[in-house]
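J.: No gaps in the numbering here: position 155 of the sequence shown is 155 in the UniProt record's numbering, and each next residue is one more.
Heads up, the beta-carbon is just placed ideally off N, CA and C, and yes, glycines get one too.
All figures in this text were calculated on a predicted structure; none of them were measured in a lab.
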Amino acid sequence: MTIQGKAIAVRHERIDEASAGQRIDNWLMRIAKGVPKSHIYRILRGGEVRVNGRRVQQTYRLAEGDEVRIPPIRVAERMASAPAPAGKPLPVVWEDDALVVVDKPAGKAVHGGSGVSYGVIEQLRSQRPEARMLELAHRLDRETSGLLIVAKKRSALITLHDMMREGRMEKRYLVLVAGRWNNPLQHVKLPLYKYLTPEGERRVRVSEEGKPSHSIVRLLRRWRRFSLLEVELKTGRTHQIRVHLTHLGFPLAGDDKYGDFALNKQLEGEGLKRMFLHAASLRFRHPLTGEEIALSSPLPDELQQFIDHLDAEDAPEHG
Numbered sequence: 001m002t003i004q005g006k007a008i009a010v011r012h013e014r015i016d017e018a019s020a021g022q023r024i025d026n027w028l029m030r031i032a033k034g035v036p037k038s039h040i041y042r043i044l045r046g047g048e049v050r051v052n053g054r055r056v057q058q059t060y061r062l063a064e065g066d067e068v069r070i071p072p073i074r075v076a077e078r079m080a081s082a083p084a085p086a087g088k089p090l091p092v093v094w095e096d097d098a099l100v101v102v103d104k105p106a107g108k109a110v111h112g113g114s115g116v117s118y119g120v121i122e123q124l125r126s127q128r129p130e131a132r133m134l135e136l137a138h139r140l141d142r143e144t145s146g147l148l149i150v151a152k153k154r155s156a157l158i159t160l161h162d163m164m165r166e167g168r169m170e171k172r173y174l175v176l177v178a179g180r181w182n183n184p185l186q187h188v189k190l191p192l193y194k195y196l197t198p199e200g201e202r203r204v205r206v207s208e209e210g211k212p213s214h215s216i217v218r219l220l221r222r223w224r225r226f227s228l229l230e231v232e233l234k235t236g237r238t239h240q241i242r243v244h245l246t247h248l249g250f251p252l253a254g255d256d257k258y259g260d261f262a263l264n265k266q267l268e269g270e271g272l273k274r275m276f277l278h279a280a281s282l283r284f285r286h287p288l289t290g291e292e293i294a295l296s297s298p299l300p301d302e303l304q305q306f307i308d309h310l311d312a313e314d315a316p317e318h319g
C-alpha cells in the first residue's frame with residue numbers, strides 16, 4: 001500500500017494503440033489518479049517526464065511505441081490504499097501457467113483509467129495476489145463482452161503480441177446492426193484515423209490519413225429491421241468494427257458512440273440496454289507450446305433474449 005508522503009518508484013510505460021494520440025498531460029492525469037494537476041504540470045515543465053529519453057512539452061501527443069519515463073509521484077492515500085473490489089469472480093474459460101482467458105462481462109473496463117477506478121486486470125490481480133505477472137494481451141471496449149486474453153509470463157505476452165501484429169490469431173465477434181445486410185461475405189478495407197474530441201474523448205473515423213484496417217463480415221441471420229453478423233478482425237484497430245459498419249450505413253444496436261441514438265432509445269424499451277457486440281471466438285497457437293487453442297463464448301443472456309424477441313416478432317432469414 002502506498003501512503004501519503006511516500007512516493008512510488010520511477011516507472012517506464014510503453015504507449016499502446018489505445019493511448020496513442022492523447023496529450024501527455026491528459027495521459028498522465030489518467031494513469032496517476034489522485035495526483036494534483038499542478039504537480040503533473042510541474043514535473044512536465046521540469047523535464048522529469050521523458051519520452052524516448054527526451055523532454056517534451058505538455059502538448060506533446062503520444063505515439064504508439066513511445067516509452068515514457070515517469071518519475072516518483074506522491075499519490076493521495078485514499079486513492080492508493082483502496083483495494084480493488086472483489087466483485088463476482090470473472091469466468092475463466094482457459095488457463096495454464098502462461099495465460100488465462102476470461103469471459104469479460106459487458107460494462108466492465110479491461111483496466112482502470114478514464115474515470116474507471118478498477119477493471120478486469122485490477123480485479124484479477126486482487127483475486128490472485130500470488131501471481132507474479134498478469135498483463136492484458138489485448139483489449140476489449142468497456143461495452144463489449146467476451147473472450148479476453150491475459151498473459152502470466154512475459155515470454156507469452158511478447159509472443160502473443162507478435163501473433164496479433166502478424167495476423168496469426170483469429171478473433172471473431174458477433175454483432176447486431178440496424179438494417180438489412182445483403183452480402184453473405186464481405187471484406188471491409190477502410191483506413192481508420194484516431195482523434196480526440198474537444199472534450200478529450202477518443203474517437204475514430206474512416207480517413208485516408210488513418211491506418212490500414214481489415215474486417216471480414218459474414219451474414220448469419222437477418223430480420224426486417226436488423227442483421228446478425230460475424231466479424232473477423234484481420235487488424236485490431238480501436239473501435240474497428242463499430243466504425244467500419246457504421247461508415248457503411250449499419251450502426252451497431254446500442255452503440256452510444258457511433259450508433260443511431262434515437263434507435264438506441266427505442267431498443268432500451270424493447271429490452272436491449274447495451275451495445276450488441278460480443279467477442280465470441282478465439283483460435284490461435286499457444287505462445288509457448290504451439291498447441292492449437294480454439295475457444296468460444298456463447299451470447300450473454302441479455303443479447304440472446306433480444307434475439308429471441310426479434311424471432312418472436314419477425315421470422316429470421318439465414319445467411
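Who does ASP103 pair with in a DSSP beta bridge?
T.: According to DSSP, which records beta bridges pairwise, ASP103 is partnered with LEU147.
J.: Compute the Euclidean distance between the alpha carbons of GLN305 and VAL51, then round it to the nearest angstrom.
T.: Roughly 48 angstroms between the two C-alpha positions.
J.: Quick check: the Cα distance between LEU148 and GLN58, rounded to an integer number of angstroms?
T.: One C-alpha to the other measures close to 33 angstroms.
J.: If you follow the beta strand (DSSP E) that LEU192 is part of, which residue opens it and which one closes it?
T.: Its beta strand (DSSP E) spans residues 192-196.
J.: If we count the other Cβ atoms within 10 Å of its Cβ and call it buried at 16 or more, is VAL10 buried or exposed?
T.: That one is exposed.
J.: Using 8 angstroms as the cut-off, can you tell me whether the region 156-176 makes contact with the region 258-278, which would need three or more C-beta pairs spanning the two stretches below that distance?
T.: Yes, the region 156-176 is in contact with the region 258-278.
J.: Could you work out which residue in GLU201, LEU134 and ARG283 is closest to GLY21 when comparing CA atoms only?
T.: Checked all of GLU201, LEU134 and ARG283; the closest Cα to GLY21 is GLU201.
J.: Mapping DSSP to helix, strand and coil, what is GLN58?
T.: The answer is coil: DSSP assigns GLN58 none of H, G, I, E or B.
J.: Should LYS194 be labelled buried (16 or more other beta-carbon atoms within 10 Å of its own) or exposed?
T.: The residue is buried, with at least 16 neighbouring Cβ atoms inside 10 Å.
J.: Once DSSP output is grouped into helix, strand and coil, what is the label at residue 325?
T.: With the chain represented from 1 up to 319, any question about residue 325 goes unanswered, as that position is not in the structure.
J.: Taking the C-alpha atoms as reference points, what is the distance between GLU166 and LEU160?
T.: Taking the straight line from one Cα to the other gives about 10 angstroms.
J.: For GLY146, count the other beta carbons within 10 Å of its own beta carbon; 16 or more makes it buried, fewer makes it exposed. Which is it?
T.: Counting Cβ neighbours within 10 Å, GLY146 comes out buried, since at least 16 surround it.
J.: For LEU303, name the three-state secondary structure that DSSP assigns.
T.: It is helical.
J.: Taking the alpha carbon of TRP223 as the reference point, which residue from LEU233, GLY254 and GLY179 has its own alpha carbon closest?
T.: With distances taken between Cα atoms, TRP223 lies closest to GLY179.
J.: Is it a yes or a no for the region 63-72 touching the region 99-111, going by three-plus beta-carbon pairs under 8 angstroms?
T.: As far as the Cβ criterion goes, the region 63-72 does not touch the region 99-111, which means the pair count is below three.
J.: Decide if LEU185 is buried, meaning its Cβ has at least 16 other Cβ atoms within 10 Å, or exposed.
T.: Label assigned to LEU185: exposed.
J.: What first and last residue would you give for the alpha helix (DSSP H) that runs through TRP27?
T.: 24-31 is the span of the alpha helix (DSSP H), which, as asked, contains TRP27.
J.: Put ALA84 into one of helix, strand or coil per three-state DSSP.
T.: Confidence at ALA84 is low in this model, with a pLDDT of 49, below 50, so its placement is unreliable and the value that follows should be read with caution. Coil, per DSSP.
J.: Since THR212 contacts THR235 with CB under 8 angstroms, what's their CB separation in whole angstroms?
T.: Checking the sequence shown, residue 212 turns out to be Pro, not Thr. Confirmed, about 7 angstroms.
J.: DSSP puts LYS171 in a beta bridge; with which residues?
T.: LEU233 and LEU282, per the DSSP bridge assignment.
J.: So, for LEU219: in the same chain, excluding its five sequence neighbours on each side, which residues have a beta-carbon less than 7 angstroms away from its beta-carbon?
T.: Counting only Cβ-Cβ distances below 7 angstroms, and skipping sequence neighbours, we find TRP181, ASN183, PRO184, SER227, LEU229 and GLY319.
J.: What separation, rounded to the nearest whole angstrom, lies between the Cα atoms of GLU48 and ILE40?
T.: Distance between the alpha carbons of GLU48 and ILE40: 10 angstroms.
J.: Taking the continuous alpha helix (DSSP H) assigned at GLU64, which residues delimit it?
T.: Here GLU64 belongs to no alpha helix (DSSP H), and DSSP marks it neither H nor E.
J.: Report the residue from GLU135, ILE70, TYR118 and LYS88 whose alpha carbon sits nearest the alpha carbon of VAL100.
T.: It is GLU135.
J.: Quick check on ARG237: buried or exposed, where buried means 16 or more other Cβ atoms within 10 Å of its Cβ?
T.: Classification of ARG237: buried, given that the 10 Å Cβ count is 16 or more.
J.: What residue from ILE70, HIS111 and SER281 has the CA that sits closest to ARG14's CA?
T.: Answer by Cα proximity: ILE70.
J.: Going by the CB atoms, is the gap between TRP94 and LEU295 shorter than 8 angstroms?
T.: For LEU295 and TRP94, yes; Cβs fall inside 8 angstroms.
J.: When we look at the beta-carbon of ILE158 and count the other beta-carbons within 10 Å, is it buried (16 or more) or exposed?
T.: Its Cβ having fewer than 16 others within 10 Å, ILE158 is exposed.
J.: According to the neighbour-count rule (16 or more other Cβ atoms, all chains shown, within 10 Å of its Cβ), is ALA312 buried or exposed?
T.: Burial call: exposed.
J.: Which residue from MET169, ARG55 and ASP308 puts its Cα closest to that of GLU291?
T.: Nearest of MET169, ARG55 and ASP308 to GLU291, Cα basis: MET169.
J.: Should ARG78 be labelled buried (16 or more other beta-carbon atoms within 10 Å of its own) or exposed?
T.: Bear in mind that the predicted position of ARG78 carries a pLDDT of just 38, short of 50, making it unreliable; the figure below should be weighed with that in mind. So ARG78 ends up on the exposed side.
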